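Chemist: Before anything else, here's the structure in question.
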Amino acid sequence: MLTAEAPLSTPVRAEILALAAQEPHPRGASVAALRLVQARLGWISTVHLREVADLLGMSVDDLDGIATYFNLLFRRPVGRHVVMLCDSVSCWIMGREPLCAHMCRTLGIRPGETTADNAITLLPTVCIGHCDHAPAMLVDGTLHGDVDTATLDRLIDTLRDTP
Ligand code: FES
1 MLTAEAPLST PVRAEILALA AQEPHPRGAS VAALRLVQAR LGWISTVHLR EVADLLGMSV
61 DDLDGIATYF NLLFRRPVGR HVVMLCDSVS CWIMGREPLC AHMCRTLGIR PGETTADNAI
121 TLLPTVCIGH CDHAPAMLVD GTLHGDVDTA TLDRLIDTLR DTP
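Structure representation (structure tokens):
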């Protein structure tokens, strides 16, 4: 099993090189390569970032700039499920703050943190393009709109029961 400190496996390294070979410049595969690594471990450790940078012929700083630019790439460990609650203007107007406070109280964490059982990480995110159904959020990449506290409570119960 891949850990944050263990080197990438030979097949993963080969997949990254194959992605790079499809691009005019290997750096064109940077996001796909980082997503591939994240799919294995759930996040991108510094050890793996260095390996990917080496495989793509990029500096670690350049690749880290890409990894930290995209909201859906995680440079720190996250829980089994990631809830990204939009904190842009439409969602804020439609009650995002009380929802966030409710979620924090229920989970016993603050935004940016993960529950003690490692089930749920709560992250803020910029507008996810679902403003007409604000407040909105992404749960493990799936869009949810018109969110209220009852929705959140059901969601939290489901996520805690889902491996
Ligand atoms: S402001 Fe929240 S989805 Fe656009």
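Sequential numbering of the sequence shown, starting at 1, is according to our numbering.
Every residue gets a Cβ at the ideal spot worked out from N, C-alpha and C, and that includes glycine.
Please read all numbers here as calculations on a predicted model, not as lab measurements.
I want to check one thing, is the minimum distance from the CB of H144 to the heavy atoms of the ligand FES below 8 angstroms?
Modeler: By 1-based counting over the sequence shown, the position of residue 144 is 144. Result no, Cβ not under 8 angstroms from the ligand FES.
Chemist: Taking three-plus beta-carbon pairs below 8 angstroms as touching, is the segment 94-106 in contact with the segment 61-73?
Modeler: Touching, no, given that fewer than three Cβ pairs across the two stretches are closer than 8 angstroms.
Chemist: For L55 and A150, what's the separation of their Cα atoms in angstroms?
Modeler: Taking the first residue of the sequence shown as position 1, residue 55 is located at position 55. Taking the first residue of the sequence shown as position 1, residue 150 is located at position 150. Going by the C-alpha atoms only, they are around 47 angstroms apart.
Chemist: Exposed or buried, L122, counting other C-beta atoms within 10 Å across all chains shown (16 or more means buried)?
Modeler: Here residue 122 refers to the residue found at position 122 when the sequence shown is read from its first residue. Under this definition L122 is a buried residue.
Chemist: For V139, is the beta carbon positioned less than 8 angstroms from some heavy atom of the ligand FES?
Modeler: As a first step, residue 139 must be located in the sequence shown, where it is residue number 139. No.
Chemist: Can you round the beta-carbon distance between A116 and H81 to whole angstroms, since I take them to be within the 8 angstroms contact cut?
Modeler: Numbered from its first residue, the sequence shown carries residue 116 at position 116. Numbered from its first residue, the sequence shown carries residue 81 at position 81. Wrong, their Cβ atoms sit about 14 angstroms apart, outside the cutoff.
Chemist: So, is S45 buried or exposed, given that buried needs 16 or more other C-beta atoms within 10 angstroms?
Modeler: Here residue 45 refers to the residue found at position 45 when the sequence shown is read from its first residue. Flag for S45 reads buried.
Chemist: For the beta strand (DSSP E) holding I120, just list the boundary residues, first then last.
Modeler: For the purposes of this step, residue 120 is taken as the residue at position 120 of the sequence shown. Counting along the chain, the beta strand (DSSP E) containing I120 begins and ends at I120 to T125.
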